[in-house]
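Asks: Supplied in structure tokens, the structure appears directly below.
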Amino acid sequence: MNSKLPNFIISGFPKCGSSALHYYLENHPEIFMPKQKELHFFTNDILAKLNQGPGDKATKISQIKLLEDYEKCFNDVGDELVIGDASPSYINYPEKFQEIKDTLSDPKVIILLRDPVKRAYSNYLHLVREGRESLSFYEALLEEENRKKKKFSDFWYYRFNSTYTEKVQKAQEVFRDVLIITQEELNSEPKETIKSIFTFLNVNADYIPTNLSERYNEGGVFEDNFITRTFFKQSKLKSFIKKRFPIPVEIKNIKNKVVNNYRKPTPLIDEKAEAFLVKSLSEDVLKIKKLGVDTSVWNKKFLIKTKV
């Protein structure tokens, strides 16, 4: 087995800033991140069976299926002190934690959280942007259980991906070192937050990534035209190319600047959808708050629901 496998993982949650963190960490000279982001190796056997939603099969092509292919992702490791794998599906499947621990010799774990209502809405808009989601946000929330039964990809499970506490607690039980960061902290205090992450990873914490002001996978709503469809629409060919020839971050930055010319104002979250999520997630928010997570800047309606 390749001895140069990850000694830390960014385990999720989806749409909470794992892409940005991947690129910030990649910029540190003592940290190695694979060229392909989101390998999903340890959860591939689960994710591969969830492929019945529109465009799902195309998204599965880039996932790493075999250990030997996973090892190849780290062939270019040099004298970096730490090696990472940012795969936001890992956190959603606690049954895989022990396998991850055994294979990677108890890696350090970074968990990213976000206001669960905004996270769910961002998740929804991502699929709208790709031309895959046709329902309203509220309708899609009501359809979630049916989509699970139909074996849609778990990326369609907006509420499931916004349910944090039990998964976080299980990670804390299994892994020795777990760091919880919120996307809100990363955005509002990037230097302080990235310093705390570097300290956690035992690398030079005084280093400031040269790309720290860049924003990655910002999401939102865009005009529907040839250019945006070219960038956003999923296809098996694009997934194959992504796996074989990962796009350098510099090219991604150019892409972001191009598509931002077609950005539209993001519609407000539908009130019924917001109320549905606040009601169903309030207990979880209270529990995650008790774990020491700063939820003060999350949806203010949670503050009313979770007062103790």
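Heads up, the sequence shown is in our numbering, so the first residue is 1095 and it goes up one at a time.
Built from N, CA and C at the ideal position, the CB exists for glycine as well.
Of all the options Val1176, Asn1281, Ala1142 and Phe1168, which has the alpha carbon lying nearest to the alpha carbon of Thr1293?
Replies: Among Val1176, Asn1281, Ala1142 and Phe1168, the Cα nearest to that of Thr1293 belongs to Val1176.
Asks: How is Lys1202 classed by DSSP in three states: helix, strand or coil?
Replies: strand
Asks: How would you call Leu1160, buried or exposed, if buried means at least 16 neighbouring beta carbons within 10 angstroms?
Replies: Answer is exposed; the Cβ neighbour count stays below 16.
Asks: Is it right to say Ala1142 is buried, meaning 16 or more other beta carbons lie within 10 angstroms of its own, or is it exposed?
Replies: exposed
Asks: Is it right to say Trp1392 is buried, meaning 16 or more other beta carbons lie within 10 angstroms of its own, or is it exposed?
Replies: buried
Asks: Is the stretch 1191-1199 touching the stretch 1293-1307, taking contact as three or more C-beta pairs under 8 Å?
Replies: Judged by Cβ distances under 8 Å, the stretch 1191-1199 makes no contact with the stretch 1293-1307, as fewer than three pairs qualify.
Asks: Note the first and the last residue of the continuous alpha helix (DSSP H) segment covering Ser1183.
Replies: Taken as a continuous stretch (DSSP letters only), Ser1183 belongs to no alpha helix (DSSP H), as it is neither H nor E.
Asks: Following the continuous alpha helix (DSSP H) through Thr1293, name the residue where it begins and the one where it ends.
Replies: That run of the alpha helix (DSSP H) goes Pro1284 to Leu1295.
Asks: Restricting to Cα atoms, I'd like to know which of Val1272, Leu1375 and Ile1288 is closest to Phe1191.
Replies: Val1272
Asks: With a CB to CB cut of under 6 Å and the five nearest residues on each side skipped, what residues in its chain are close to Pro1210?
Replies: The beta carbon of Pro1210 lies closer than 6 Å to those of Ser1256 and Leu1375 in the same chain, with the five residues before and after it left out.
Asks: Report yes or no: do three or more beta-carbon pairs, one from the stretch 1233-1248 and one from the stretch 1277-1285, lie closer than 8 Å?
Replies: The stretch 1233-1248, when compared against the stretch 1277-1285, does not touch it at the 8 Å Cβ threshold.
Asks: What did DSSP end up calling Lys1153 once you bin it into helix, strand or coil?
Replies: According to the sequence displayed, residue 1153 carries Thr and not Lys. The answer is helix: DSSP assigns Thr1153 an H, G or I state.
Asks: For the alpha helix (DSSP H) holding Phe1058, just list the boundary residues, first then last.
Replies: The first residue shown for the chain is 1095 and the last is 1402, placing residue 1058 beyond what the model contains.
Asks: Is the CB-CB distance between Leu1207 and Phe1107 below 8 Å?
Replies: yes
Asks: Assuming Ile1103 and Ser1156 are in contact, meaning their beta carbons sit under 8 Å apart, how far apart are those beta carbons, in whole angstroms?
Replies: With a Cβ gap of about 18 Å, Ile1103 and Ser1156 do not count as contacting.
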